[in-house]
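K.L.:
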Amino acid sequence: MLADLRLVSLPLRQMEKFDHTYIGTGPISAIDACIKSKAGAKVLMVDEKAQLGGAWVAINVGHYGRLEIGCHIWSYNKEAYDFLQTYFDLDLIALAPQPFFIKGKTRLIYDHKNGLTTLKNSARYLKQFNFKKLGAYLRHHPAARFPLIPKKYLYPKGGARDLQAAIEKKIAASDIATAMQTKITTLNKVDNGWELHTDEGESYFTQNITLTTTSAVREINYQEKSIQLRHRYLNYTHFHIVVKDELLKPCSYIRVLDDKIIHRISDITYQLETKIDEGYSVILVGVFDAELDKLEVEGSEDEVATKYIVNYLVNKDFLAKNPSLAYTQKNKFETTYIAQEQVDAINALDESINVMATTDLIYGVYFKLKDWETTT
Ligand SMILES: Cc1cc2nc3c(=O)[nH]c(=O)nc-3n(C[C@H](O)[C@H](O)[C@H](O)COP(=O)(O)OP(=O)(O)OC[C@H]3O[C@@H](n4cnc5c(N)ncnc54)[C@H](O)[C@@H]3O)c2cc1C
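Under my numbering, the first residue of the sequence shown carries the number 21, and numbering increases by one thereafter.
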């Protein structure tokens, strides 16, 4: 698919002038870029990675095909689901059972967690007698809800692989230029726009720039102001575990709150492209690497981690004792988050630069719907 894209990382094109440039090719940036390009803007998308899609990418997992790199879930919002299903022509399925939090023997489905969070936030505004904020929160924030009837949490049938393929298809069908494996480190405001620079001496010129909360730009120079960005680094580590067993009880996506190493588990057997033998299961598990390193157990890091994860799944009665392991693979995905006060400082510079709120994909889409619906 990458072969179809208009690559612009050739030196002589460095000062090609763009109307709008996006740092990163995550889903929300890709949609916004395609909509602007369709409206006639000359758009460039830059990404330090070789693949489009940001955190929503798939990797090869042994001979089990391409599967998503990390445990993923879509928060609940019907409007955002409808938009993504139509815009990307995605086959969405309802995750069953509904995703839940687990702590010891306690399970809390996402709906109820949402209700509790809404209660907690409402109580906070009430305590501050901040009725205006309370009203705005309850009316406008997609997470503010008290679901009485359980909601269907939708997700692409092929997981992040489908979303990534849809992004590639949209961009290939557009006039968007891309510069992949290119890391922008510095943004300089100049008279009629912005210059973007890499440490390797590449530069691009654009009228407008869109970053996201994960854009790892080092410095933004605006008139006499110079913003040195502070980033929170997160190194997501996941294990794909294939067992020749069926799970004893179904799980779609679990947020684990009772373990110092494991933080997420998802059963992604349904995402397999290639039919594997009956009775196999593919489990994706998110772990805190630093805690794993503290384990003083014999064996290679991956063996130790796999053993720890399988024990957890057995102890939680998801797997029968001594399950037969078919395959295990570890992967890492580094991401960064810009501190909120710096996001506000950048958005306060002027309209030619903005940082989109994207840390939650579905809520990020929800907050952009009005813009997109007026432009499409
Ligand atoms: C492993 C993982 C699991 C996640 N799971 C979920 C989930 O289940 N549900 C959910 O809603 N959200 C999840 N997220 C949060 C995720 O960040 C958002 O869903 C969404 O992808 C954010 O969009 P984005 O475009 O800001 O960032 P990303 O999707 O991370 O894309 C940003 C892209 O920009 C590139 N980039 C950054 N800085 C530069 C630069 N200076 N120059 C060039 N390229 C640059 C990055 O390499 C990356 O490819 C997860 C994130 C990760 C990393």
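Think of the CB as a built atom: it goes at the ideal place given N, C-alpha and C, for glycine as much as any other residue.
Owing to the predicted nature of the structure, the values given are computational and were not obtained by experimental measurement.
According to DSSP, is L339 helix, strand or coil?
P.N.:
Here residue 339 refers to the residue found at position 319 when the sequence shown is read from its first residue. Here L339 sits in coil by DSSP.
K.L.:
Could you check the C-alpha separation between T106 and T137 for me, to the nearest Å?
P.N.:
Stepping through the sequence shown from its first residue, residue 106 is reached at position 86. Stepping through the sequence shown from its first residue, residue 137 is reached at position 117. Those two C-alpha atoms are separated by around 30 Å.
K.L.:
If you reduce the DSSP assignment to three classes, tell me which class Q360 lands in.
P.N.:
Against the sequence shown, residue 360 aligns to sequence position 340. Three-state DSSP puts Q360 in a helix.
K.L.:
Report the option in L139, A163, D364, I303 whose CA atom is closest to the CA atom of Y96.
P.N.:
Position 76 of the sequence shown, counted from the first residue, corresponds to residue 96. The residue with the shortest Cα to Cα distance from Y96 is A163.
K.L.:
At what residue ranges does the stretch 147–176 contain a whole run of the beta strand (DSSP E), taking only runs of 3 or more?
P.N.:
Runs of the beta strand (DSSP E) inside the stretch 147–176: 174–176.
K.L.:
Under a Cβ-count criterion, where at least 16 other Cβ atoms within 10 Å of its own Cβ denotes burial, should G179 be classed as buried or exposed?
P.N.:
By one-based count along the sequence shown, residue 179 stands at place 159. Its Cβ being crowded by 16 or more others within 10 Å, G179 is buried.
K.L.:
Run through the DSSP bridge pairs and tell me what S372 is partnered with.
P.N.:
The count along the sequence shown starts at 1 and reaches residue 372 at position 352. S372 is not bridged to any residue.
K.L.:
Output yes or no for whether 7 Å exceeds the beta carbon distance between S301 and L267.
P.N.:
Here residue 301 refers to the residue found at position 281 when the sequence shown is read from its first residue. Here residue 267 refers to the residue found at position 247 when the sequence shown is read from its first residue. Contact: yes.
K.L.:
Tell me which residue opens and which closes the beta strand (DSSP E) that D380 is part of.
P.N.:
Walking along the sequence shown from the start, residue 380 turns up at place 360. Looking at the DSSP string, D380 is not in any beta strand (DSSP E), and its letter there is neither H nor E.
K.L.:
Less than 7 Å separating the beta-carbons of I204 and V66?
P.N.:
By 1-based counting over the sequence shown, the position of residue 204 is 184. By 1-based counting over the sequence shown, the position of residue 66 is 46. Cβ atoms of I204 and V66: closer than 7 Å.
K.L.:
Threshold first: 3 residues or longer. Then list the beta strand (DSSP E) segments lying entirely within the stretch 103–145, N to C.
P.N.:
Correct list: 112–114, 120–123, 126–129.
K.L.:
Does the stretch 323–339 come within contact of the stretch 50–64, defined as at least 3 CB pairs closer than 8 Å?
P.N.:
With the cut-off at 8 Å, the stretch 323–339 and the stretch 50–64 do not touch.
K.L.:
Which of the three DSSP states is assigned to Q248 in this structure?
P.N.:
One-based indexing of the sequence shown puts residue 248 at position 228. DSSP places Q248 in strand when its eight states are reduced to three.
K.L.:
Per DSSP, what kind of secondary structure is V324 in: helix, strand or coil?
P.N.:
As a first step, residue 324 must be located in the sequence shown, where it is residue number 304. Of the three classes helix, strand and coil, the one that applies to V324 here is helix, per DSSP.
K.L.:
Going by other Cβ atoms of all chains shown within 10 Å of its Cβ, with 16 needed for buried, is S49 buried or exposed?
P.N.:
Working through the sequence shown from its first residue, we reach residue 49 at position 29. Per the 10 Å Cβ criterion, buried.
K.L.:
Run through DSSP, which three-state label would I48 get?
P.N.:
What you label residue 48 is simply residue 28 of the sequence shown in a count that begins at 1. I48: helix per DSSP, three-state reduction.
K.L.:
Quick one: what's got a C-beta closer than 8 Å to L278's C-beta in the same chain, skipping five residues either side?
P.N.:
Within the sequence shown, residue 278 is the residue found at index 258, counting from 1. Note that residue 278 is Asp in the sequence shown, not Leu. Cβ within range, chain order: I122, K123, G124.
K.L.:
When you compare each of E371, K98, V307, D219 to K172 by their alpha carbons, which one comes out closest?
P.N.:
Locating residue 172 in the sequence shown gives position 152, counting from the first residue. Out of E371, K98, V307, D219, K98 has the C-alpha closest to the C-alpha of K172.
K.L.:
For the alpha helix (DSSP H) containing I187, list its first residue and its last residue.
P.N.:
Within the sequence shown, residue 187 is the residue found at index 167, counting from 1. Unbroken alpha helix (DSSP H) run through I187: 180–192.
K.L.:
Tell me, please, which residues DSSP counts as bridged to W214.
P.N.:
Counting from one through the sequence shown, the residue named residue 214 turns up at place 194. Beta-bridge pairing links W214 to K209, T226.
K.L.:
Going by CA-CA distance only, name the one from A156, A59, L254, I281 that's closest to D312.
P.N.:
Translated into the one-based positions of the sequence shown, residue 312 becomes position 292. The residue you asked about is not Asp; residue 312 is Leu in the sequence shown. Nearest of A156, A59, L254, I281 to L312, Cα basis: I281.
K.L.:
Report the CB separation of N331 from H258 in whole angstroms; it is logged as a contact under 8 Å.
P.N.:
As a first step, residue 331 must be located in the sequence shown, where it is residue number 311. As a first step, residue 258 must be located in the sequence shown, where it is residue number 238. About 18 Å; that fails the 8 Å criterion.
K.L.:
Helix, strand or coil: which one does DSSP assign to Y300?
P.N.:
Within the sequence shown, the letter at position 280 stands for residue 300. It is coil, neither helix nor strand.
K.L.:
Look at the alpha carbon of P343 and the alpha carbon of I329, and state the distance between them as a whole number of angstroms.
P.N.:
The residue you call residue 343 lines up with position 323 of the sequence shown. The residue you call residue 329 lines up with position 309 of the sequence shown. For P343 and I329, the distance between alpha carbons rounds to 12 Å.
K.L.:
Is Y84 buried or exposed, if buried means 16 or more other CB atoms sit within 10 Å of its CB?
P.N.:
In the sequence shown, counting from the first residue as 1, residue 84 sits at position 64. The residue in question, Y84, is buried, as its Cβ has 16 or more Cβ neighbours within 10 Å.
K.L.:
Give the DSSP-derived three-state secondary structure of E266 in the structure shown.
P.N.:
Taking the sequence shown and counting its residues from 1, the one referred to as residue 266 is at position 246. If DSSP states are grouped into helix, strand and coil, E266 belongs with coil.
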